[in-house]
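If you're matching positions, the sequence shown starts at 1 in the UniProt record's numbering and goes up one per residue. Report on the structure given below.
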Amino acid sequence: MPIDCYYVPGGAPSRNVLLAAKACGVELNLKYLDLMSGEQMSPEFLKYPVIFGGASYDPDKLEKIKEAFTFLDQLIDNNDFAAGSNLTLADLALASTVSTYELVGFDFSSYKNVARWFEKAKATIPGYEEANAEPLQQFKALMEKLAKK
């Protein structure tokens with residue numbers, strides 16, 4: 001029996017769930033959440049924190065991102081994957097996040113371990129293209145549409 005999953009195509013949290021479900025063989029009943037019509041403003045969704053949306057550029061946040069990539073780079077220095085030699089849910093969550101940063105143009109090529117891990121993760125994660133890469137392009141289209149408003 002499929003599990004109901006409210007999602008935004010391409011959003012990193014949604015892609016985390018899609019990747020995990022695909023890897024674990026869990027069937028999802030996807031229920032689209034229409035941000036453009038304001039469904040996310042319903043009382044049910046307002047209890048969750050806002051992750052992005054019209055925030056101005058903040059150089060301190062860029063430094064935090066760089067710190068996080070430095071930490072990840074050091075963490076996976078001697079590992080094939082985030083938690084050792086085997087693919088885990090941590091890799092699925094990280095792959096959707098790192099791919100989002102790649103999409104918006106964050107250059108992580110100087111983080112050699114992250115770059116190596118990301119290529120391996122993309123090749124290893126079951127259903128990566130379907131559950132992450134394709135929805136990521138939907139997310140890009142949504143971001144471009146929101147940027148025009």
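The beta-carbon is built from N, C-alpha and C at its ideal position, and this holds for glycine as well.
How long is the line joining the alpha carbons of residue i and residue j, rounded to whole angstroms?
i: LYS112; j: GLU119; result: 11 Å
i: LEU18; j: PHE69; result: 23 Å
i: GLU63; j: PHE106; result: 12 Å
i: LYS145; j: PRO135; result: 15 Å
i: GLY127; j: GLN137; result: 15 Å
i: ALA82; j: LYS148; result: 37 Å
i: LEU75; j: ARG116; result: 13 Å
i: ALA23; j: ASP4; result: 17 Å
i: PRO49; j: GLU102; result: Note that PRO49 scores 44 on pLDDT, short of 50, meaning its location in the model is unreliable; the coordinates nonetheless yield the value given after this. Those two C-alpha atoms are separated by around 24 Å.
i: GLU130; j: ASP58; result: 33 Å
i: ASP60; j: GLY25; result: 40 Å
i: ASN123; j: VAL104; result: Before going further, note that residue 123 is Ala rather than Asn in the sequence given. Straight-line Cα distance between these residues: approximately 21 Å.
i: PHE71; j: PRO43; result: 37 Å
My assumption, with CB atoms under 8 Å, is that residue i sits in contact with residue j. Please give the rounded CB distance.
i: ALA12; j: THR97; result: 5 Å
i: PHE139; j: GLY10; result: 2 Å
Measuring CB to CB, does residue i end up less than 8 Å from residue j?
i: ASN16; j: ALA93; result: yes
i: ASP73; j: VAL114; result: yes
i: ILE65; j: ALA95; result: no
i: ASN132; j: SER99; result: yes
Comparing C-alpha positions only, which one of the options sits nearest to residue i?
i: LEU30; options: PRO43, TYR7, GLU67, SER37; result: TYR7
i: THR88; options: LEU103, VAL104, PRO135, ALA121; result: ALA121
i: LEU142; options: SER14, MET36, ASP60; result: MET36
Among residues of its own chain, excluding the 5 on either side of residue i, which ones have a beta-carbon nearer than 7 Å to its beta-carbon?
i: LEU33; result: TYR6, TYR7, VAL8, GLU39, GLN40
i: ILE51; result: Residue confidence for ILE51 is low, a pLDDT of 43 falling below 50, so the modelled location carries little weight and cannot support an answer.
i: GLU67; result: none
Going along the chain, which residues of its own chain have a beta-carbon closer than 8 Å to the beta-carbon of residue i, five neighbours each way excluded?
i: SER85; result: ASN79
i: MET1; result: GLU27
Please check if any C-beta of chain D sits within less than 8 Å of the C-beta of residue i.
i: LEU62; result: The displayed structure is made up of one protein chain only, and chain D is not part of it.
Could you name the residues of the same chain whose beta carbon sits closer than 6 Å to that of residue i, not counting the 5 residues immediately before and after it, in chain order?
i: SER14; result: TYR7, VAL8
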